[in-house]
Amino acid sequence: MVSDQLRDLKIPANRAPRFQGKVSQAEALCRGGARAVQFRGTPWVDWSNYWGAGDMSSLPTGFISTKLPAQRGVIGALEDLELQRVELIKFNLFDNSGTYPDYFQGRDGVSGSALKVWQQMRLQPANPSYKVVGGDGTQACKGDLIRWRTVSGICNDILNPAMGSSGMLFARNVEFESSFPDLGLNELAQNRHGSRLSLLQPDPQVISRKLFTRIQTNPDKCQAGYGLPNDSKDASCDYKKAPFFNVLAAYWIQFMTHDWFSHLEEGHNQSQYMDVGCQTKLVNNVQQPLTPEDIQALGCRPDDRIDKGYVAEDNAPPTFVSGEKTRLARAPRTMANTNTAWWDASQLYGFDDTSRLRVKRDPADTAKLLLVPAVGQPGPGYLPIFGPNDPINPEWAGQEASGFPDNWTIGLSFLHNLFAREHNSVVAEFRRVAASTPDADCGLRDPAQPKQIIHYRDVTPDQLFEIARLVVAAEIAKIHTIEWTPQLLYNEPLYLGMNGNWFGLLGQNGGLLSKALSDIVVNNFGKSTDAAKASAWYSVFASGPGIFGLGSHVNGYDITNPKYTNGGVNHFGSPFNFPEEFVSVYRLHPLVPDLLEYRDLKDDPNKIAKRIPVVETFQGKATSFSQTMGMANWGVTLGRQRLGLLTLHNSPLFLQNLKMGRLDSKTQQIDVVALDIIRDREHGVPRFNEFRRQYGLRQLTSFDDFMDPGAAPGLPDRLEQQDAVNTLREVYGQHVCDASKIITDAQINEDGSPINDCLGHPNGTLVDNIEDVDTAVGYLAEYRRPHGYAISETQFVVFILNASRRLFSDRFFTSSFRPEFYTKLGVDWVNNNGPGPEQLEKGTPNGHKQPVSPMKRILLRNIPELAPELDNVINAFDPWARNRGQYYSLGWEPRPGAESDDSFKNQ
Ligand code: HEM
């Protein structure tokens, strides 16, 4: 498989002629027959039409052997995806912290993409560990700083101590010149958008109300997301549902984002406030004030205000000259990630000294997190509630204690409690083994005395706490990679691709071959100073052994030598942090329903007993729901309900009307979905079409392109799409195009000419303002998606790049995934999804023999009452009562035993 990929890779020398996910007619025919050929002319990637990339209907018929065409389809899709990843690594890394000129030009004869150490990633003198890592000399982390994940995230990369730590700058995935289009700083941006854009133009609240609002058949039963008194089950809020993804998955991704990034500090932004729209609309392409009648009809609020987002730097960015061109060395404005960028479970364990104070340890065993009993509830207990001396934003009073407490509702409460229990399960198992074999070598080593064996009995509570954290963080990364994502992108190529990222394409038990490939990758490509080899081939070869554990099998491993401990990481020449564009595509608020279909496990899980408004569980109100109803009931509630589709007209009503006591405004309310648009504009995210071009996807040429070319004329879907297109035209408008204006240098036309304002339409004609569409609007408007995709292809391409970088860059997922750091028990726990040997799932779901999934194991271990409910569950993020049917079915049918489930009635 690896060699097939290598043979076929064709990476362009410069960014303009990108792959765009489009193959030749012959290739399309070979991989997907007439159907794949039929859709080649659309803007959307070709691989989704290949054989085997969908459900049963995508499997080939009429061949002597259908197996081979299906393989060609699926392997073809994987090749396209790999090619996209290689291109993305080559063209889409833009660090904001000053390293970009070196990346672009190279340093001391080494190509930029092979650079591994940057002075911008040094600790500053004010950092308490400054001296320990080497002060103003060469900096290298050592001693206790390299043994665990540190609170602030320093020393993950031993030679770049500050990388990924709290407060480092967000990166970009787009050329700096294309960011902040509203500022019109260059000719391309001016040509692209004229003077049509500003922070509140087009009006974000108008966009929210016209394009995002969930349409209700019975508004009285919904009450704008507030439901009916006493959580009556008669309440009803319509939303579009994804049949293959549950509400637990929605909360999972919020839980993840709280680990990865935040623009806010302690739940607030700057002290200065600003307007948030509900002010203007376009009439015949001219901006006009809203009338009181308009405001009433829209239901927006001109008196809402929000605190301005933080900006780290807004002075003119430095530039450098390369060839004939002057380039920006960073974006016109930068923002700091106040969280650690590492996948380190910092939402649970904290990310700086203040947040660490919110993490409560059990005084009876300080290796454990504190859990307190809740009246009438079985099990190991619940997180304690914040006390008066805890450092919290006053709005968080009454919440259960955690590192990252912002925007808390019952789903986050459930996941924080679950993983606190899992932490304690790791500690308990370690203590059990330590009690039975106290003198055994636990595998851990201290770099200060690397030869000295550390026995189970020698491990201190503080050390065990950190070991459990390492294990929990790795379990979370594993769940996300091989369980959550394959359900988010529910098809065969992505199942294989994600398992490949983790275990390697050679399979979970790749054995010697996998180890050998890992050696090849690390020893040859990791060290290479040839940029092309170091970045492009590295990621391809890494598909062989998998990213996880890369570099951890190297012979002669020495914990005192960064060559080994740090040797498996690869930043591809650009220090790791999330880009602003990543935050943008994770604004996934439509996933959340307004009402939760509450079920009681002991009574009858098939019955919806109550409909609880999510907003009634906001902040401290979650606690009593969590602790009186209990983890098991919340498990079945979140596990069975379908989440919201990421599409237009599907944002939660309660988020459009969210009351937030901290806001210094007349209304003390905010439309969070309008705010999503405003924040993206503040952060300078390019608008949708340029965003796609920057990521190497094909541009759209009018709003009509959003419609699914496969949707049959006259059907409700098609009519709805046409309606959305009309609204987009109304909100964003049209203009008379000027073919003399070049609007981008990210791509070129097929004939090699530059792309101009007319996007292929005749000069001087009225064209859609497709260039102005906000990215968060555009990705929700993509009606054409690969089979089983809960996100759009534009969101997905951002993910391809950053999801693998998040693994490639992290020492604890690559070369430091070793017993010396995790203990033997820890390594086995991560590999086997818990204590003891690996457990295999029944049957061969979608044709694969697979282990019992990591999230299912965690649920079973820590909420054992769920065992009967989970018996039929293969993937914990697939609605628990759904019959998975045959090959990647998206059907909404009950599994045996759930026939009477209320959610299958009247659907
Ligand atoms: C369930 C209830 C939720 C509530 C009450 C909520 C509330 C909020 C609020 C108020 C903000 C704005 C912060 C600001 O910029 O001032 C925000 C931002 C955000 N939300 Fe949510 N949210 C919820 C669920 C989710 C979910 C399910 C996701 C899925 C990933 C999500 C992802 C985000 C992201 C990525 C941001 C931007 C954060 C940043 O800029 O650092 N939220 N949310």
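Just add 294 to the spot in the sequence shown (first one is 1) and you have the working numbering. Ideal Cβ positions, reconstructed from N, Cα and C, are used throughout, including at glycine.
Handout entry: Host alpha helix (DSSP H) of Tyr1116 (start-end)
Key = 1113-1126
Exercise for the section: With a threshold of 8 Å, establish whether the CB of Asn701 neighbours any heavy atom of the ligand HEM. Expected result: yes
Practice task
Would you mind working out which of Asp1196, Ile704, Ser423 sits nearest Leu932, comparing C-alpha positions?
Solution key: Ile704
Problem - Gly461 beta carbon near the ligand HEM (any heavy atom closer than 8 Å) - result: no
Practice task
State buried or exposed for Thr1138, treating a residue as buried only when at least 16 other CB atoms are found within 10 Å of its CB.
Solution key: exposed
Problem - Bounding residues of the alpha helix (DSSP H) (the contiguous stretch that carries Ser918) - result: 915-923
Handout entry: Runs of beta strand (DSSP E) lying entirely within the segment 640-714, each at least 3 residues, in chain order
Key = 659-663
Exercise for the section: Tell me whether the beta-carbon of His943 lies closer than 9 Å to the beta-carbon of Leu576. Expected result: no
Practice task
Report the option in Glu694, Leu372, Tyr397, Gln414 whose CA atom is closest to the CA atom of Gly406.
Solution key: Tyr397
Exercise for the section: Could you tell me which residues DSSP puts in a beta bridge with Leu949? Expected result: Answer is none; Leu949 lacks a bridge partner.
Handout entry: Closest residue to His977 among Lys1199, Phe724, Ala606, Val1071 (Cα-Cα distance)
Key = Ala606
Exercise for the section: Tell me whether Leu889 counts as near the ligand HEM, meaning its Cβ is closer than 8 Å to at least one heavy atom of that ligand. Expected result: no
Practice task
Check whether the Cβ of Met550 sits closer than 8 Å to any heavy atom of the ligand HEM, and report yes or no.
Solution key: yes
Problem - Cα-Cα separation between Gly924 and Met415, rounded to whole angstroms - result: 45 Å
Problem - beta-carbon Ile547 near the ligand HEM non-hydrogen atom, thresh 8 Å - result: yes
Exercise for the section: Could you work out which residue in Glu689, Leu952, Ala722, Leu882 is closest to Asn1156 when comparing CA atoms only? Expected result: Ala722
Handout entry: Spatial distance of Asp656 from Phe708 (CA atoms)
Key = 19 Å
Problem - Asn718 versus Pro1162: straight-line alpha-carbon distance, rounded - result: 23 Å
Handout entry: Sequence-distant residues of its chain with Cβ nearer than 6 Å to Gly805 (five each side left out)
Key = Only weak support is given to the placement of Gly805: the predicted model assigns it a pLDDT of 49, under 50, and the value that follows is read from those uncertain coordinates. Correct list: empty, nothing qualifies.
Exercise for the section: To the nearest angstrom, report how far apart Gln935 and Glu481 are at their CA atoms. Expected result: 49 Å
Handout entry: beta-carbon Met568 near the ligand HEM non-hydrogen atom, thresh 8 Å
Key = no
Practice task
With hydrogens ignored, establish whether the beta-carbon of Asp601 is closer than 8 Å to any heavy atom of the ligand HEM.
Solution key: yes
Problem - Proximity test, His557 beta-carbon vs the ligand HEM heavy atom, cut-off 8 Å - result: yes
Practice task
Report whether the distance from the Cβ of His883 to the nearest heavy atom of the ligand HEM is below 8 Å.
Solution key: yes
Handout entry: Own chain, CB closer than 6 Å to Arg715, minus 5 neighbours either side, in chain order
Key = Pro674, Asn1156
Exercise for the section: Please find out if some non-hydrogen atom of the ligand HEM comes closer than 8 Å to the beta-carbon of Met1001. Expected result: no
Practice task
Please classify Cys324: does DSSP put it in a helix, a strand, or coil?
Solution key: helix
Exercise for the section: Assign Gly805 to one of three DSSP states: helix, strand, or coil. Expected result: The predicted position of Gly805 is uncertain, since its pLDDT is 49 and thus under 50; no value can be drawn from it.
Practice task
Ignore the nearest five residues each way along the sequence and tell me which others in Val765's own chain have a CB closer than 7 Å to its CB.
Solution key: Val720, Tyr1116, Gly1120, Trp1123, Val1124
Exercise for the section: Please find out if some non-hydrogen atom of the ligand HEM comes closer than 8 Å to the beta-carbon of His973. Expected result: It should be noted that the sequence gives Arg, not His, for residue 973. For the ligand HEM, at least one heavy atom lies less than 8 Å from the Cβ of Arg973.
Practice task
Could you check what DSSP says for Thr628 in three-state terms: helix, strand or coil?
Solution key: strand
Problem - Residues sharing a beta bridge with Lys535, DSSP - result: Gly938
Exercise for the section: Measure the alpha-carbon distance for Phe1107 versus Gly1054 and round it to whole angstroms. Expected result: 47 Å
Problem - Three-state class that DSSP yields for Asp298 in the structure shown - result: Here Asp298 scores only 42 on pLDDT, less than 50, and its place in the model is too uncertain to base an answer on.
Practice task
Might you give, ordered along the chain, the residues of its own chain that have their beta carbon closer than 6 Å to the beta carbon of Phe1198, omitting 5 neighbours on each side?
Solution key: Pro1188
Handout entry: Spatial distance of Thr620 from Ala1170 (CA atoms)
Key = 51 Å
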